[in-house]
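Position 82 (the sequence shown) corresponds to 128 in our numbering; numbering is contiguous.
Structure first, then comments.
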Amino acid sequence: QVQLVESGGGRVQAGDSLRLSCVASGRTLSRYDMGWYRQAPGKERDFVATDSQSGGSAYYAEAVKGRFTISRDNAKNTVFLQMNSLKTEDTANYYCDAADLATEDDNWGQGSQVTVSS
C-alpha cells in the first residue's frame with residue numbers, strides 16, 4: 047500500500063488560485079492512476095480530476111475543466127492539483143487517491159480543506 051498526505055488547502059477569495067499537493071510514501075506513484083476528489087458538507091464525494099499511470103491521459107469533471115490542472119512529479123512521488131479562478135462552489139475537502147487497477151489497490155489521503163469566499 048501507499049500512504050498519501052495532502053497539503054496546500056486554505057481559505058481564499060473567489061478568483062484566487064491554490065495548488066494542492068499529495069505526497070506519497072511506501073511505494074512509487076508511477077505505478078498508480080492518480081485522482082483528486084472532493085466532498086462538500088452534506089454531499090457525496092465527487093470526482094475532480096485523474097491522471098493515468100502512464101501519464102498520457104488526464105480527465106476532468108466538467109465543473110473544473112479549464113480551471114484545474116492535475117500533474118505529477120514521479121521523482122518527488124508527488125501529485126499536484128493546480129486550481130485557478132476558484133469559485134465559492136469549489137469549497138470542499140479535497141482528497142487524493144492512488145489506484146492500481148491491476149491489483150485493486152486503492153489508497154486515500156486524509157483530505158485538505160479548501161474554502162472559497164465571495
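We put the CB at the ideal spot given by N, CA and C, even for glycine.
As the structure is a computational prediction, the values presented were derived from the model and not from experiment.
{"Query": "For residue 75, which three-state DSSP category applies?", "Result": "helix"}
{"Query": "Counting pairs of beta carbons, one from the region 133-144 and one from the region 49-61, are three or more of them closer than 8 angstroms?", "Result": "yes"}
{"Query": "Going by beta-carbon coordinates alone, are residue 121 and residue 105 separated by less than 8 angstroms?", "Result": "no"}
{"Query": "Please state whether DSSP places residue 121 in a helix, a strand or coil.", "Result": "helix"}
{"Query": "Taking buried to mean at least 16 other C-beta atoms within 10 Å of its own C-beta, is residue 158 buried or exposed?", "Result": "buried"}
{"Query": "Contact check, residue 75 vs residue 118 under 8 angstroms by CB: the rounded distance?", "Result": "6 angstroms"}
{"Query": "Sorted by chain position, which residues of the same chain lie with C-beta nearer than 6 angstroms to residue 81's C-beta, five sequence neighbours on each side aside?", "Result": "96 and 143"}
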